[in-house]
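Shown next, in structure tokens, is the structure this report addresses.
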Amino acid sequence: MNRRNFMLTSSAMLAASSLRAVEETKLTDCHVYLGSHPFRQLGAENPQKFIQRLTLRGVAEAWTGAFEGLLRRDVANVNRELAKACQNSILRPCGTINLSLPDWQDDVKRCAEYHGMRVVRLHPNYHGYDLQAPAFRELLPLAAKHRLLVQLVVQMEDERTQNPQVRVAPVDLKPLSGILQEMKESRIMLLNANAAMLLRHLQESPNVWIDFAMIEGVGGVENLLKTWPLERLVFGSFAPVFYWESARLKMQESALSAAQTKAVQWQSASALLA
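In this text, residue positions in the sequence shown follow our numbering: the first is 231, and each later residue adds one.
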């Protein structure tokens, strides 16, 4: 091999090595919140400081909901403020949709057409409806029409740690499998589901994705992948409610291959919005 070929080959190998390193460290966090939590200060009130903290931890993109969407009724303004706060940053805004309010269909349309959002986030337990509500069945095809991914937050915190005057039970997921069998074009991402909630029939539903924010135990991600499809698991930290580093540690303590790591950290999420 002459010197020129050697240099070209070496450069190509170095470039390929750098690309692999970037892919292995690239990170899309599909579950964070911005704004003021209803009951305590968590450090996401200042968007720029929150973005800086995520960037320093290697997050390239963060799918972001608004704490204000939990209890405020002026959802249109909540989504407007969120879209503005996320503008020109690593944050991807996820609009709040409250199906118990009148004209929620207009909020879906505004999220997709005016704010250019690709994701909407539901909190059925905070907004006072369950998955058997007619509005939920109406939402799914409407979201599919607008090419929106629906994130469904199963719980915000353990009932034992909640304010005693504001007890909010987890969302009952039992009806979900049957609904999605009828609506195969719909895409649902469950946030904050624990292992006990991931029933067998949900594992077999091809249009359900999950994050691992509330998957606990040693080797939790590794153990989850023994039964849950790799291509339907995404990285979710639930920051700032949870310490962001806990999500990183869940990846590190699990024995994952390079291919599994890339899939969880960004490939599965990227494919959803492609």
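All C-beta atoms, glycine included, are put in the ideal place defined by N, C-alpha and C.
| Asked | Found |
| --- | --- |
| Reduced DSSP secondary structure (H/G/I, E/B, other) of Val396 | coil |
| Member of Arg302, His261 and Ala313 whose CA lies at the smallest distance from the CA of Ala292 | His261 |
| Inter-residue Cα distance where the pair is Leu379 and Thr391 | 30 Å |
| Proximity test, Met419 beta-carbon vs the ligand NAD heavy atom, cut-off 7 Å | Among the components modelled here there is no ligand, and therefore nothing to report on the ligand NAD. |
| Under the three-state DSSP convention, the category Leu463 falls into | strand |
| Arg351 versus Ala488: straight-line alpha-carbon distance, rounded | 30 Å |
| Nonlocal neighbours in the same chain, by C-beta distance under 7 Å from Met413, ignoring five residues either side | Leu370 and Pro371 |
| Distance between beta carbons of Leu421 and Gln381, contact taken as under 8 Å | 6 Å |
| Three CB pairs or more closer than 8 Å across the stretch 275-282 and the stretch 317-332 | yes |
| Inter-residue spacing [alpha-carbon to alpha-carbon] between Ser266 and Lys339 | 25 Å |
| Chain-order list of residues whose beta-carbon lies under 6 Å from that of Leu272 (same chain, five-residue window excluded) | Pro470 |
| As assigned by DSSP and simplified to three states, the class of Glu368 | helix |
| Segment limits, beta strand (DSSP E) that includes His261 | Thr258 to Leu264 |
| Start-to-end residues for the beta strand (DSSP E) that takes in Gln441 | The sequence shown places Asp at residue 441, rather than the Gln named in the question. Counting along the chain, the beta strand (DSSP E) containing Asp441 begins and ends at Val438 to Asp441. |
| Option nearest Ala499 by Cα separation, candidates Arg462, Arg287 and Ala315 | Arg462 |
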